[in-house]
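If you use my numbering, the sequence shown corresponds to residues 596 to 1047, in order.
Structure, as structure tokens:
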Amino acid sequence: MPAAVSIHGQWSTRLAFVLAATGSAVGLGNVWRFPYIVGDNGGGAFVLVYLLCILMIGLPIMMAEILLGRLGRQSPINTMLTVSRAEGLSRGWGLMGWIGVLAGFLILSFYSVIAGWALAYVFKAGSGGFTGLDAEGSSEMFGAMLANPEALLAWHTIFMVMTAMVVARGVRSGLERAVTILMPALVVLLVILVGYAMAHGDFLGGLAFLLRPDFSALSANAVLLAMGQAFFTLSLGMGAIMVYGSYLSSEASIARASAAVVASDTLVALLAGLAIFPILLAAGLSPGQGPGLIFVTLPLAFAEMPLGLFFGTLFFVLLVFAAWTSAISLIEPAVAFLVENLGLSRVFATTLVAMLAWLLGIAALLSLNVWSGFTLFDKGVLDLLDYVTANILLPLGGFLIAIFVGWRMSQSSVMNELRLRNMRAFRVWFFLVRYLAPTAIVVVFLRAVGVI
Ligand code: TRP
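Put into structure tokens, the structure is as follows:
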């Protein structure tokens, strides 16, 4: 029988799990990645597919991932081994944990670089760097930052150290407070930005861009990107939510916790979109700016709005915090594994993983300037890391989770752990995990590579 409590501890309250999982989910994926990918892929139709993926694939897989974590009570690798053993299944399922550890490590490497941009913008905003800025000046400011490898390295290093410091102390201390105060603050600030966009931006144009579906703009690859974004933004498919689930008490409702996390995450992404596109359109910028989108667009709003210096600084501070609470969940699976299997101390395990991710991050940041000529599949290192993890590794992890829970585990163990009182709800969930999610993932993959 798997243990009832993880050796790494347990959340103090049920709410703590929801907060931590929300902290993991809400991050650069919502505020930085969502708007730029929507912008690159033509808006409305993409958003619709994304929302469908969140609801039909993301939510059910999140429940499956939490369920596995709570059953196994260990790092994803050992959780998969323990649950497989208890269910009489192959040890090969441990491989899924390894894919997750790899994905988390790869994501962290570039995530820290982007979070470094946000850190840099805290200081640009605070020192009045946005004052009097126009669209051209804003693009130049962003471009100048990317062209400066030393600055990027410094910010990337600071962010990685911040992340490692929290993980080394154990993910619970400080996390609860950070999430209860700072996440609502981020939402308030986004609402203020949406208000500004309503008053001064092309709000109807932005709204139409986000919500009016034009399916002719939607390629098979865009559908894959929408699905990848759903996994990325919900922190699914690599064991981050699983490891948080392993610290969850047995009584908590997995369905309710998942619904709360998914709802908050989606709210933040949509608010970010509603704030950014009207401002962008009014400034005459193109939505297809790529990864620089929010860094080019938002300073324009802060340049003009009353108290813009204050709001601008606060916004980027909150974005850094959101990224921070996400980044810690990216190394937690690997750290938990090293502690369990090699008996390393938390501090040493964290230092090791963070240093490796930091090194890879350097390659990612150099791809923005010094190594910009070096591309693979037409992408630089940073783009490639982002593309491969979000669109291949995470959906693959999600697919394996769905197969494991939907087909390999005995239905009675699944029901016992999920404990949905409503049988109809259970059947809907089980259908999504067993049939819809895995089929959808495979179809989207095959279409994107042109097989079907
Ligand atoms: N979800 C986070 C965001 O949107 C990023 C993240 C944290 C993540 N942990 C993850 C993505 C695990 C994939 C897997 O910023």
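All C-beta atoms, glycine included, are put in the ideal place defined by N, C-alpha and C.
Please read these numbers as outputs of a predicted model, since none were measured by experiment.
Exercise. Quick one: what's got a C-beta closer than 8 Å to S845's C-beta in the same chain, skipping five residues either side?
Worked result: Cβ neighbours of S845 beyond the five flanking positions: A599, R665.
Problem set entry | Cβ neighbours of F916 in the same chain (closer than 8 Å, five flanking residues each side left out) | A773, L777, L781
Exercise. Which one of D797, L831, L914, I926 has the shortest CA to CA distance from P882?
Worked result: D797
Exercise. If we call anything under 9 Å between Cβ atoms a contact, is I874 one with L904?
Worked result: no
For this session: Would you mind listing the alpha helix (DSSP H) stretches within the segment 965-1040 that are 4+ residues and don't spill past its ends, in chain order?
Result: 976-983, 989-998, 1006-1013, 1018-1026
Exercise. When the distance is taken between beta carbons, is L813 closer than 9 Å to N636?
Worked result: yes
For this session: Please decide whether M950 counts as near chain D, where near means a Cβ-Cβ distance under 9 Å.
Result: Judged by its chain identifiers, the structure shown contains no chain D, having just a single protein chain.
Exercise. Of the choices F932, G993, A1020, T984, whose alpha-carbon is the least far from that of I672?
Worked result: F932
Problem set entry | For I753, the three-state DSSP class (helix, strand or coil) | helix
Problem set entry | At least three beta-carbon pairs within less than 8 Å, the segment 721-741 to the segment 930-946 | no
Problem set entry | Coil, strand or helix - V642 by DSSP | helix
For this session: Would you identify the three-state DSSP class for H603, choosing helix, strand or coil?
Result: coil
For this session: State yes or no: is the C-beta of E833 nearer than 8 Å to some heavy atom of the ligand TRP?
Result: Here residue 833 turns out to be Met, not Glu, going by the sequence shown. Under cutoff, so the answer is yes.
For this session: Would you be able to state if there are at least three C-beta pairs under 8 Å between the segment 1017-1031 and the segment 976-991?
Result: no
Problem set entry | Rounded separation between R1003 and G832 - CA only | 17 Å
Exercise. Taking 8 Å as the cut-off, does the CB of T861 come closer than this to any heavy atom belonging to the ligand GDP?
Worked result: Within the structure as shown, the ligand GDP is missing, the only ligands being the ligand TRP.
Problem set entry | Within the segment 883-950, ranges of the alpha helix (DSSP H) (whole runs, at least 4 residues) | 888-899, 903-937
Exercise. Relative to the alpha-carbon of Q824, which residue among L960, R628, R1019 has its alpha-carbon at the smallest distance?
Worked result: Considering only alpha carbons, the answer is R628.
For this session: Could you tell me if L888 is buried or exposed, where buried requires 16 or more neighbouring beta carbons within 10 angstroms of its beta carbon?
Result: buried
Exercise. Whole-angstrom Cβ separation of G624 and T758, contact assumed at under 8 Å?
Worked result: With 8 Å as the limit, G624 and T758 do not qualify as a contact, their Cβ atoms being about 16 Å apart.
Exercise. For the ligand TRP, is there a heavy atom less than 8 Å away from the beta-carbon of T945?
Worked result: no
Exercise. Among A847, L869, G790, which one has its Cα closest to the Cα of L806?
Worked result: L869
Problem set entry | Local conformation of D729 per DSSP, three classes | D729 falls in the coil class under three-state DSSP.
Problem set entry | Neighbourhood of L947 by C-beta, 8 Å cutoff - its chain only, sequence neighbours within 5 removed | L933, L939
Exercise. Within the present structure, is the beta-carbon of Y716 separated from the nearest heavy atom of the ligand TRP by less than 8 Å?
Worked result: Look at Y716: its beta carbon is at least 8 Å from all of the heavy atoms in the ligand TRP.
Exercise. Given a threshold of 16 other Cβ atoms within 10 Å of its Cβ, counted over all protein chains shown, does G790 qualify as buried or as exposed?
Worked result: exposed
Exercise. Do you know whose CA, among I836, A835, Y706, lies nearest W750's CA?
Worked result: The residue with the shortest Cα to Cα distance from W750 is Y706.
Problem set entry | Cβ separation of A918 and A710, assumed to be a contact under 8 Å, to the nearest whole Å | 4 Å
Exercise. Any idea what DSSP makes of L784, helix, strand or coil?
Worked result: Reduced to three states, the DSSP call for L784 is helix.
Exercise. Using DSSP with H/G/I as helix, E/B as strand and the rest coil, what is N625?
Worked result: helix
Exercise. Between which two residues does the alpha helix (DSSP H) harbouring L666 extend?
Worked result: 654-667
Exercise. Expressed to the nearest angstrom, what Euclidean distance is found between the alpha-carbon atoms of K1052 and G622?
Worked result: This structure does not reach residue 1052, given that the chain is present from 596 up to 1047, and the question cannot be answered.
For this session: Let me know the secondary structure DSSP gives G832 once reduced to three states.
Result: coil
For this session: Give a yes or no on whether the C-beta atoms belonging to A616 and F826 are separated by under 9 Å.
Result: Not in contact: A616 and F826 (Cβ atoms no closer than 9 Å).
Problem set entry | Whether L955 touches A742 by CB criterion (9 Å) | At the C-beta level, L955 and A742 stay beyond 9 Å of one another.
Exercise. Would S607 pass as a contact of I836 if the rule is Cβ separation under 9 Å?
Worked result: no
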